[in-house]
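For reference, the structure is listed below as structure tokens.
Residue numbers (the numbering used here): 745 to 1179.
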């Protein structure tokens, strides 16, 4: 760490100290719980946070008034985004409406605007979560961070703040070859230690460019690359790791809640669940009952620190598979994306989105973009945006049928562009049949 970055680091913690050291306290607790997840002290702290949140919600939040004196979370209803939207005022804690709150919003993968309010302590907890999981990915406060996202007036930092935090905000709304080259040149010009945070789809496009041009960028002093907001497929994870000579890790988070789980330098394939800040459940796809380890279920979370708008048993709409280690620790083995985008073979069995991604690996040098859509029970459409021609239609269709069924009807449509969602993401797998 150079002198200026060292001073950035010390300044951050000095400011936190002068404000009462709240972030440092949160970070210490998160680190202890996630390092000792099944210790009696860690379980006691988690229970205290959960019961405190439930009691607060039942006493101060109209939506939960019927649950006074209830500390069994299983009694509370599972809620979805639409429930919060339709009862927004009832989800606001009455005493916190008079306090300083912060609005957090997202357009979401569906493009539907959604926002919540957070209190100051929740904001501090989120900051500490980011610091913990970033630290588990070889990042230190003060080091250079490149953020790849769709940057607009509502989310872009000012020049001074960006300099102060040593952040480079790189816009990916039009990630052409020339734009990718600009990003690579940005990386080359800086000799600092670097970390990169961005959408998985942008990494995939960068990988395709690097593969086509046989570029070696292993000496760029990159500590780690974190993918957020989207599914990180195997090709992108392995290819980018090779090109940048650094771990490529996936983060599962949302703007309105925070970091729920993440791969780390010590858990590069599976997701460490943030039990310190959330009560996390994995429920059956159709019933509000827990699934067994090894089965896919809906990710349902309770935010332990948002007292401004208590969010209890919130169905994120995403799907994961749970695994239990020998020491009893639970992790997400896989996170598949949204339930509404699960795809099925012609007999109605779930097919992992990972299977779809593998169909395109060998063709990446020919493709600018692709999208796989289930249009009906046995009908599938593949949208391709190609550089020139694509002479492998028959091979691709047969490959799809091998996993989805010989009676599958597969069509290929050529397009000039697959548009971004309002969130800046580009969906690779879509289900119009069950949406």
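Positions of the beta carbon are idealized from the N, C-alpha and C atoms, including for glycine. On a predicted model such as this, the values are computed, not experimentally measured, just so you know.
- For residue 921 and residue 900, the rounded distance between their alpha carbons: 23 Å
- Query: Counting Cβ pairs, one atom from each stretch, are 3 or more of them under 8 Å apart for the region 1117–1125 and the region 953–960?
  - Reply: no
- Message: Helix, strand or coil for residue 786? Go by DSSP, reduced to three states.
- Response: helix
- Query: Can you list, in chain order, the residues of its chain whose CB lies under 6 Å from that of residue 1186, leaving out five sequence neighbours each side?
  - Reply: Summary: the structure shown does not reach residue 1186, with the chain confined to residues 745 through 1179, and so no result is reported for it.
- Cβ contact (3+ pairs, closer than 8 Å) linking the region 768–784 and the region 1005–1025: yes
- Item | Unbroken alpha helix (DSSP H) run spanning residue 805, endpoints | Element bounds for residue 805: n/a, residue is neither H nor E.
- Going by CA-CA distance only, name the one from 1175, 769 and 1110 that's closest to residue 872. 769
- Task: With a floor of 3 residues, list each beta strand (DSSP E) that falls wholly inside the region 1050–1075, ordered by position along the chain.
- Result: 1058–1068
- Of the residues 869, 1064, 1066 and 1123, the one placed nearest residue 1091, counting alpha carbons only: 1123
- Leaving out the 5 sequence neighbours to the left and right, which residues in its chain are closer than 7 Å to residue 1158 when beta-carbon positions are compared? 1128 and 1130
- Status (buried if at least 16 other CB within 10 Å, exposed otherwise) for residue 888: buried
- Message: Using the Cβ count rule (16 or more neighbours within 10 Å means buried), how would you classify residue 994?
- Response: buried
- Out of 918, 1080, 1024 and 1042, which has the shortest C-alpha to C-alpha gap to residue 1055? 1024
- Would you check if the distance between the CB atom of residue 1103 and the CB atom of residue 1143 is smaller than 8 Å? yes
- How is residue 920 classed by DSSP in three states: helix, strand or coil? coil
- For the region 805–821 and the region 835–850, state whether three or more C-beta atom pairs, one from each stretch, are separated by less than 8 Å. yes
- Item | Residue span of the beta strand (DSSP E) that contains residue 1104, given as start and end | Note, residue 1104: premise wrong, no beta strand (DSSP E); not H, not E.
- C-alpha gap between residue 858 and residue 926, whole angstroms: 33 Å
- Leaving out the 5 sequence neighbours to the left and right, which residues in its chain are closer than 8 Å to residue 985 when beta-carbon positions are compared? 969, 991 and 992
- Task: Please determine, among 1094, 781, 758 and 1048, the residue with the shortest C-alpha to C-alpha distance to residue 1039.
- Result: 1094
- DSSP beta-bridge partners for residue 940? 890 and 969
- Message: For residue 877 and residue 1003, which I take to be in contact (beta-carbon distance under 8 Å), what is that distance rounded to the nearest angstrom?
- Response: 5 Å
- What number of angstroms, rounded off, separates the C-alpha of residue 1101 from the C-alpha of residue 983? 14 Å
- Message: I'd like to confirm the pairing. Which residues does DSSP put opposite residue 1127 in its beta bridges?
- Response: 1115 and 1157
- Message: Tell me the rounded alpha-carbon separation between residue 802 and residue 826.
- Response: 20 Å
- Residues bridged to residue 1047 by DSSP? 1022
- Message: On the DSSP letters alone, give me the boundaries of the alpha helix (DSSP H) that residue 1004 sits inside.
- Response: That residue, residue 1004, is in no alpha helix (DSSP H); its beta strand (DSSP E) goes 1002–1008.
- Comparing alpha-carbon positions, which option in 894, 868, 942 and 934 lies nearest residue 746? 934
- Message: Let me confirm a value: residue 948 is counted as buried when at least 16 other C-beta atoms fall within 10 Å, else exposed. Which label applies?
- Response: buried
- By Cβ distance below 8 Å, which residues in the same chain neighbour residue 1006 in space, the five residues on each side in sequence not counted? 877, 880, 881, 970, 993, 994, 995, 996, 997, 1015, 1016 and 1018
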